[in-house]
Amino acid sequence: MFTISSTFDSNNKHDAVVVGVFSNGTFHPEVDKINDLLKGQLTKLKKTKLKDVEKVYTIGQLNSEMVFVVGLGEKTEFSTETLREKMALVAKQARIDKVINLGVLVESFVVRESIEASDVAVLIGEGLALGMYEVEDYKEKTNEVDVSVENVTLYGENNETFEEAVNVGYTYGMGTNRARKLVNTPGNLLTPADLAEEAVELAKEHGFEYEILEKEEMEKLGMGALLAVAAGSDQPPKMIVLKYSGNKQADELIGFVGKGLTFDSGGISIKPRENMHEMKMDMGGAAAVLGAMDIIGQLKPKVNVLAVIPSSENLLNGSALKPGDVIRSLSGKTIEVRNTDAEGRLILADGVTYAKQLGSTSLVDVATLTGAVLIALGNCTTGAVTNNEDLLGDILEASVETGEWIWSLPNFAPYKQMLRTSDVADLNNAPGRLAGSITAGLFIGEFAEKTPWVHLDIAGTAWQSKASNLGPLGGTGVMARTLAQLAINKELVPKE
Ligand code: BES
Ligand code: MG
Ligand code: ZN
């Protein structure tokens, strides 16, 4: 995909050449040359509205057919987010114009004071990959374009580290796209069995160990919470496990646990009909974990990672779980089910316990868990709940690098007390509307017990109802990159 080259020449042949233009200051010298060849067209553009990406035809003045002029705004406002987003928009434009061969004048995008050179490369690779993603449809006349970017020549710093960094970024973007694809797949085409199949495929690609637990094995082990949710559906549940061993000497095993609800109707406590179709995205946590495993499998950091995905549908047949039912989880703790729509925490209870049984020394669960997190944080920020500030700190650090916002919610004792309000069981799965995201998170924390644990509620961030700079309407693949970054940072800074 990527070629690195030191100097751009107007004789170089591309379908489109990409240049960055800041609203203040002069053109980069290379851009200046192109502007001269194009008889000052870029100067004119700069004086007008120049926004994201403007296309200019070169009509023979350059050997490339088009120049994509990217408006970067004020130099002083420039950030890693801007670079990632603008690159994604370039990829989107390239798709529209059926560009196969792209040239990028990297130096015109760089503000040395705000971004390090190696970060520039990562962000270019990542942004381009993210922008290339398109939602698959199932129409008779499909929107699938067979033309997509095949070669990107990056003009600028010509060294191996730069090339490596671009490919790292690209890997992060493609792992995210893999997660997005899963989230966007309709529920009838992505059942728990299908999700398990995807996971096995991923495991085989990267040489991970894997295990898929079937219903009979779950019964033997006593995974009563996952089985209770699955009881209302004809689709058998799956407990999906992948293991990446990048450091056999180390005892640490990071456990990622993803909610794999392939469709959530609410069960007997059924959801309102409006927008229920979007509940095919209720496996966004599982998608994030698989996306992260894809990135990790590619980049092979020297750490050990376990992925556990409890997967089920939440439907309502004659055997379905009912409000008032008391179930026994894998941990032995009993749960009174006050609301069958609070099913995510039930399957995650068994997922977290199983991840512990398999030796996880730290746990991160990712789940589209509560509507309440949308009320608290909106759709741009993931909510976190933790029992360990150090692990949370590591995750926040990773999320700053990936540009995926996370904000931590309180975990004070009274919230935990709200879970102990059942007369007949250890825990109540739905203690009420107050602090809904906190109690949901802490419910899962009951099963993490003393193991360092962070819960990430992505109900607001896993799905976007309109396109953003980084991607189209639908699944965002949120947290795939942050989880991968967390694992990769662990290699860089081994903890005592
Ligand atoms: N999957 C939903 C949460 C959700 C809501 C995800 C909106 C994405 C967008 C979850 O299973 C759920 O139904 N939660 C309930 C919990 C309540 C019954 C305690 C909710 O948020 O209403
Ligand atoms: Mg639900
Ligand atoms: Zn759900």
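If you read the sequence shown in this note's numbering, its first letter stands for residue 603, the second for the next number, and so on. Virtual Cβ for every residue (Gly too), placed ideally from N, Cα, C. In this text, all values refer to a predicted model and were calculated from it rather than measured experimentally.
Rounded to the nearest whole angstrom, the CA to CA distance from D967 to V706 is 38 Å.
Taking one beta carbon from each stretch, the segment 648–660 and the segment 721–736 have fewer than 3 pairs nearer than 8 Å; the two do not touch.
Around K924, the same chain offers I870, V939 and T942 as residues with beta carbons nearer than 8 Å, after the five sequence neighbours per side are excluded. Here the alpha carbon of L994 sits roughly 6 Å from the alpha carbon of V1056. Every residue with a CB closer than 5 Å to a heavy atom of ligand 1 is listed here in chain order: D866, D884, N941, D943, A944, G946, T970, T972, G973, A1032 and A1061.
Fully enclosed alpha helix (DSSP H) runs of no fewer than 4 residues occupy 886–901 of the segment 866–920, in order along the chain. Restricting attention to alpha helix (DSSP H) runs no shorter than 4 residues, the segment 706–740 encloses them at 719–734, ordered along the chain. In this structure, G789 has its CB at a distance of at least 7 Å from all heavy atoms of ligand 2. For the alpha helix (DSSP H) assignment, the uninterrupted runs of no fewer than 4 residues enclosed by the segment 947–1004 are, from N- to C-terminal side, 974–979 and 991–1004.
For G834, the shortest C-beta to heavy atom distance toward ligand 2 is 7 Å or greater.
The segment 810–826 and the segment 755–775 do not touch, with fewer than 3 CB-CB distances between them shorter than 8 Å. For H808, the enclosing alpha helix (DSSP H) stretches over residues P794 to H808. For N916, the Cβ falls inside the 7 Å cut-off from some heavy atom of ligand 2. V633 sits close to S710, with the two beta carbons spaced by under 8 Å. DSSP, reduced to helix, strand and coil, places A1061 outside both helices and strands of the structure shown, so it counts as coil.
For R686, the enclosing alpha helix (DSSP H) has its first and last residue at T682 to I698.
The three-state secondary structure of S1067, taken from DSSP, is coil. Assignment of V620 by DSSP, reduced to helix, strand and coil, places it in the strand class.
Residue pairing of M603 in beta bridges, as defined by DSSP: absent, with no partner found. Annotation for N626: E676 and K677 place their beta carbon closer than 7 Å to its own, counting only its chain and skipping 5 residues before and after. Every alpha helix (DSSP H) of 4 residues or more that sits fully in the segment 810–844 is shown, in chain order, as 817–823 and 826–832. Excluding residues up to 5 positions away in sequence, P794, A798, I814 and S913 lie with their Cβ nearer than 6 Å to the Cβ of K840 in the same chain. T755 and A618 have their alpha carbons spaced roughly 11 Å apart. Judged by DSSP secondary structure, E656 falls within the beta strand (DSSP E) whose first and last residues are V655 to Y659.
Of T936, L1085, F624 and R1035, the smallest CA-CA separation from A978 is found for R1035. Between the alpha carbons of M776 and A986 lies a distance of about 25 Å. Within the same chain, Cβ atoms closer than 7 Å to the Cβ of D896 are found at G777, R780 and L804, the five residues on either side in sequence being excluded. Just so you know, the alpha carbons of M1081 and G862 end up roughly 15 Å apart. G834 and T773 have their C-alpha atoms spaced approximately 38 Å apart. Here A888 is buried. Its C-beta has 16 or more other C-beta atoms within 10 Å. Per DSSP, N637 is one residue of the alpha helix (DSSP H) stretching across P631 to L639. Contact check between the segment 1083–1097 and the segment 1010–1020: fewer than three CB pairs, one atom from each, fall below 8 Å, which does not count as touching. With a cut-off of 7 Å, the C-beta of L863 is classified as near ligand 3, since at least one heavy atom of the ligand falls inside that distance.
Under DSSP, F858 shares a beta bridge with A909 and V966.
Exposed is the label assigned to F1014, since fewer than 16 other Cβ atoms lie within 10 Å of its Cβ. With a cut-off of 7 Å, the C-beta of G868 is classified as near ligand 2, since at least one heavy atom of the ligand falls inside that distance.
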